[in-house]
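Enquirer: This structure is in structure tokens; I'll ask about it shortly.
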Amino acid sequence: MPAPQFTRETVVDRLLGAFRRYGYDAASLGQLSSATGLGRSSLYHYFPGGKEDMARAVFDHVDDWARDAIFAPIHASGPPEQRLRQVIGVLDEFYDGGAKACFYGNLVVGDAGVLFKDRLSASLRKLIEGFARLAKEKGVSEREAQQRGEDAVVRIQGALIVARGLGDPAPFRRVLKRLPNDLLG
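Quick note on numbering: full-length UniProt numbering labels position 166 of the sequence shown as 166, and the sequence is numbered without any gaps.
Set out below in structure tokens:
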């Protein structure tokens, strides 16, 4: 029986789940194959460059999602508080209330940390700048807004690690709840 055919988007979304679960270095081709429902040869059909090509496709997928779900609201019109609440809502959904690991967080260790350093740094800087933009719109100085943007990303990422480590989403939810005051207050 022939292997099931999936859209590239479906395959990339399933790879995102696998990289969230195993990280880049620990994800074997067998695990990636199992996660996608594709045989190894089919994976290479979609991603001729192997696992590195798969991770790059996931980066593109997450960047596209962030452009639409995070940065579009940040750059939209309206009160910063309202736009931040929208961003918090999509972050809460994307991380399943703190139950899902961060793709970026799983790429900072091992070979992936070197291989994807520039891409990871650019993505995190863009997120920091987005949060800082909202703080500046509330009248926070440039320097303080930058620090608040960094703090927001640090808190979110740290809360994801702690929530996953404890098996309890409460730290992540608490950080999201406090984010408007911490960033804009």
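From the three backbone atoms N, C-alpha and C, an ideal C-beta is built for every residue, glycine too. These figures come from a predicted structure and were not determined experimentally.
#1: Find out if the Cβ-Cβ distance for the pair THR36, VAL11 is shorter than 7 Å.
#2: At the level of alpha carbons, what is the spacing between GLU147 and ILE156?
#3: Measure the beta-carbon distance from ARG21 to GLY97 and round it to whole angstroms, keeping in mind my assumption that it falls under 8 Å.
#4: Distance check for GLY39 and ALA3, CA to CA, integer angstroms please.
#5: Can you tell which of GLU52, ALA145, VAL140, PHE6 has the C-alpha that lies nearest to the C-alpha of ALA132?
#6: For LEU84 and ALA135, what's the separation of their Cα atoms in angstroms?
#7: Ordered along the chain, which non-local residues of its own chain (more than five positions away) have a Cβ less than 7 Å from that of residue 223?
#8: Given a threshold of 16 other Cβ atoms within 10 Å of its Cβ, counted over all protein chains shown, does PRO171 qualify as buried or as exposed?
#9: Given a cut-off of 7 Å on the beta-carbon distance, is the pair LEU107 and TYR24 in contact?
#10: Using only the alpha-carbon positions, how far apart do GLU129 and GLN5 sit?
#11: Going by beta-carbon coordinates alone, are ARG164 and ALA101 separated by less than 7 Å?
#12: My output table needs one value for PHE19: the three-state DSSP class, helix, strand or coil.
#13: Go through its chain and collect everything with a Cβ distance to PRO80's Cβ below 7 Å, but skip five positions before and after it.
#14: Within the continuous alpha helix (DSSP H) that includes LEU179, where are the two ends?
#15: How would you label VAL114, buried or exposed, when you count the other beta carbons within 10 angstroms and need 16 or more for buried?
Expert: Looking at the atomic coordinates:
#1: yes
#2: Rather than Glu, the amino acid found at residue 147 in this sequence is Gln. Using only the alpha carbons, I get a separation of about 14 Å.
#3: Rounded, the Cβ-Cβ distance is 17 Å, inconsistent with contact.
#4: In this prediction, ALA3 scores a pLDDT of 47, lower than 50, which makes its location untrustworthy; no coordinate-derived value is stated.
#5: Selected option, being the one with the closest Cα: ALA145.
#6: Straight-line Cα distance between these residues: approximately 10 Å.
#7: Since the first residue of the chain shown is 1 and the last is 185, residue 223 is not available in this structure.
#8: Buried, by the Cβ-count rule.
#9: yes
#10: 39 Å
#11: yes
#12: helix
#13: For PRO80, the CB contacts under 7 Å within the same chain, skipping 5 residues up- and downstream, are LEU134, GLU137, LYS138, LEU184 in chain order.
#14: 170-184
#15: Burial call: exposed.
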